[in-house]
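Numbering (our numbering), first residue to last: 41 to 154.
Glycine is no exception: its CB is placed at the ideal position from the N, C-alpha and C atoms.
For clarity, every value in this text was computed on a predicted model and none was experimentally measured.
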């Protein structure tokens, strides 16, 4: 068995690929986002990339998809962002913010709603 290679990361993005999100375009978004992350060298196995990206199962907000969640460490604490109605521009904005250790975008976030 071959030992896997470890890649240090700045954060992890997950895009729901469950039935409801797929009906709202998450399949096409996954393909487009993967290509864009590779092209911009943001994904961890590309030169300079530090993001892990995973197509995921249900993220629990089915009627508002596509849903994107991100996790990273910031100032020694776990920071997360949960986004609904995600488009490619928004997903890339989130990815760039995580890569550059900047502020996560506020638009489309539902973890901040009260």
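Report task. Run the CB neighbour count on residue 97, radius 10 Å, all protein chains shown included, and call it buried at 16 or more, exposed below. Result -> Residue 97 comes out exposed.
Requested in this report: Could you pull out every residue in the same chain whose Cβ sits closer than 6 Å to the Cβ of residue 88, ignoring the five residues on either side in sequence?
Outcome: Sequence-distant Cβ neighbours of residue 88 in its own chain, meaning closer than 6 Å and more than five residues away, are 81.
Requested in this report: Closer than 6 Å by C-beta to residue 52: which residues in its own chain qualify, once you throw out the five before and the five after it? Chain order, please.
Outcome: So the qualifying residues of the chain are 92 and 111.
Report task. Can you give me the Cβ contacts of residue 151 inside the same chain, cut-off strictly under 8 Å, excluding the 5 residues immediately before and after it? Result -> Answer for residue 151: 120, 121 and 122, listed in chain order.
Query raised in the report: Does the beta-carbon distance from residue 73 to residue 131 come in below 7 Å?
Result: Yes, these two residues count as a Cβ contact at 7 Å.
Query raised in the report: If we ignore side chains and look at the alpha-carbon of each, how far apart do residue 76 and residue 86 end up?
Result: A straight-line Cα-Cα distance of about 12 Å links residue 76 and residue 86.
Query raised in the report: What's the C-alpha gap between residue 145 and residue 44?
Result: For residue 145 and residue 44, the distance between alpha carbons rounds to 33 Å.
Query raised in the report: Taking C-alpha atoms, which residue in 117, 79 and 127 lies nearest to residue 147?
Result: It is 127.
Query raised in the report: Looking at the structure shown, is residue 87 part of a helix, part of a strand, or coil, going by DSSP?
Result: Reduced to three states, the DSSP call for residue 87 is coil.
Query raised in the report: At what residues does the beta strand (DSSP E) containing residue 120 begin and finish?
Result: Segment 117–123, the beta strand (DSSP E) holding residue 120.
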